[in-house]
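Presented below is the structure to which this report refers.
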Amino acid sequence: MATTRAAPEPTTRRPPPTRSRRLTWRDRLHRFDVRYVPYLLIAPFFLLFFVFGLFPMVFNGVVALRHWRLDDPELTGWAGFENFGRLFTDGDFGNALYNTFGIFLLSTVPQLLLALVIASMLNRRLRGQTWWRVSALLPYITPITASTLVFNVFFSRDLGMANWALGLLGVGTETPIDWRADKLHSWIAIATMVNWKWIGYNALLYLAAMQSIPRDVYEASALDGAGPWRQLWRITVPMIRPVVIFTVVLSTIGGLQLFTEPMLFDLNAQTARGGAGGEWQTVAQLIYKVGWKDLNLGYAAAMSWALFLIILVVAALNTMLTNRLSGGRR
1 MATTRAAPEP TTRRPPPTRS RRLTWRDRLH RFDVRYVPYL LIAPFFLLFF
51 VFGLFPMVFN GVVALRHWRL DDPELTGWAG FENFGRLFTD GDFGNALYNT
101 FGIFLLSTVP QLLLALVIAS MLNRRLRGQT WWRVSALLPY ITPITASTLV
151 FNVFFSRDLG MANWALGLLG VGTETPIDWR ADKLHSWIAI ATMVNWKWIG
201 YNALLYLAAM QSIPRDVYEA SALDGAGPWR QLWRITVPMI RPVVIFTVVL
251 STIGGLQLFT EPMLFDLNAQ TARGGAGGEW QTVAQLIYKV GWKDLNLGYA
301 AAMSWALFLI ILVVAALNTM LTNRLSGGRR
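Anchor point for the sequence shown: position 30 equals 30 in full-length UniProt numbering, and the numbering is continuous, going up by one each time.
What follows is the structure, encoded as structure tokens:
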């Protein structure tokens, strides 16, 4: 009986072991450059943010939960949410919040609308185009203290140019307007300072975004009968929506933290009262007054955190509203 032998299994040859190439100093330097240098480059930002941003916020939150008075060092005990509860019954805080939102609305809305219109004009072919674009930024580079002091003279009751210009239009000819006497006129004066400062800056941001829009889009819309105003709101604004949202958030943060203009608008800025009856006292001014004039750091810290939360809510609402109005779905 014949027996069949199984075929031998094919043997696979293993490749000879290769020696790992020894890394040279150039290879090590390249590996270090790729893996670790990016973290070293961004580390200073996070370090500075921790020292001057995150730590002050956390420490301010601790102070807000305590009784902390500089004039009475022994009165330093745990207060819990007592300082925050006091905000709901404090008439000064309510008045300052009302003033802050009033000035915010009079400054932010006209500011961004005028910036859009100016940017649309600068985006067209003009004579001396570079000069017009540079001049739009001049108010922004002017020191805020110097410009505010000039506006103090401009809105003077007896010799101010504001009343002189209104007199030419037949307004306030009998009795000059006292821009520091009531809320509305003081709000208009301070909002004018803010608008003069920031309209050119926002206009250049919008202009930079408009430069990326293809000219063919405007030419096609012009053939369809769209005028400049319709092109601005139907084409330009939706296509620069990210920049519009950025300026809205930035203006919200700056407008609700307004301090320098109302502080220097007062003839006696050291009191930080915002007028004789607090006509234009903002929340930032009140925080300064309570913390460094009344020496109640605990309550001032609670106001700071309340203002921080208000800014977050208002900025989120403004972002959603702007996104909807400019054509976004979310």
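We put the CB at the ideal spot given by N, CA and C, even for glycine.
For residue 198, the closest C-alpha among the options 60, 142, 124, 243 is that of 142.
Exclusion of the five residues before and after residue 261 leaves 148, 190, 193, 194 as the residues of its chain whose Cβ lies within less than 7 Å of its Cβ. Nearest C-alpha to residue 85 among 74, 65, 77, 101: 65.
Secondary structure of residue 296 (DSSP, three-state): strand.
Assigned with DSSP and collapsed to three states, residue 69 falls in strand. Closest option to residue 280, judged by alpha-carbon separation, among 267, 291, 25: 267. Closest in alpha carbon position to residue 155, among 186, 228, 28, is 186. In terms of Cα proximity to residue 218, the closest of 230, 127, 251 is 230.
Residue 256 and residue 308 have their C-alpha atoms some 9 Å from each other. With contacts defined as CB atoms closer than 7 Å, residue 272 and residue 285 qualify as a contacting pair. Put simply, the backbone Cα of residue 130 is about 32 Å away from that of residue 105. DSSP, reduced to helix, strand and coil, places residue 25 within a helical segment of the structure shown. Burial of residue 299 is indicated by the presence of at least 16 other C-beta atoms within 10 angstroms of its C-beta. Excluding residues up to 5 positions away in sequence, 282, 284, 285, 288 lie with their Cβ nearer than 8 Å to the Cβ of residue 259 in the same chain. Just so you know, the alpha carbons of residue 69 and residue 78 end up roughly 12 Å apart.
For residue 133, the enclosing alpha helix (DSSP H) stretches over residues 129 to 136. For residue 230, the enclosing alpha helix (DSSP H) begins and ends at 228 to 231. Beta-carbon to beta-carbon, residue 249 and residue 296 are separated by about 31 Å, too far to satisfy the 8 Å threshold. Rounded to whole angstroms, the gap between the alpha carbons of residue 99 and residue 196 is 19 Å. Among the bridge pairs identified by DSSP, residue 78 is matched with 66.
A direct Cα-Cα distance of roughly 48 Å separates residue 37 from residue 93. Membership of residue 90 in any alpha helix (DSSP H) is not indicated, and neither H nor E is assigned to it by DSSP.
Runs of the alpha helix (DSSP H) lying entirely within the segment 256 to 305, each at least 4 residues long, are 260 to 265, 283 to 288 in chain order.
Leaving aside the five residues that flank residue 269 on each side, the residues in its chain whose CB is nearer than 8 Å to its CB run, in chain order, 263.
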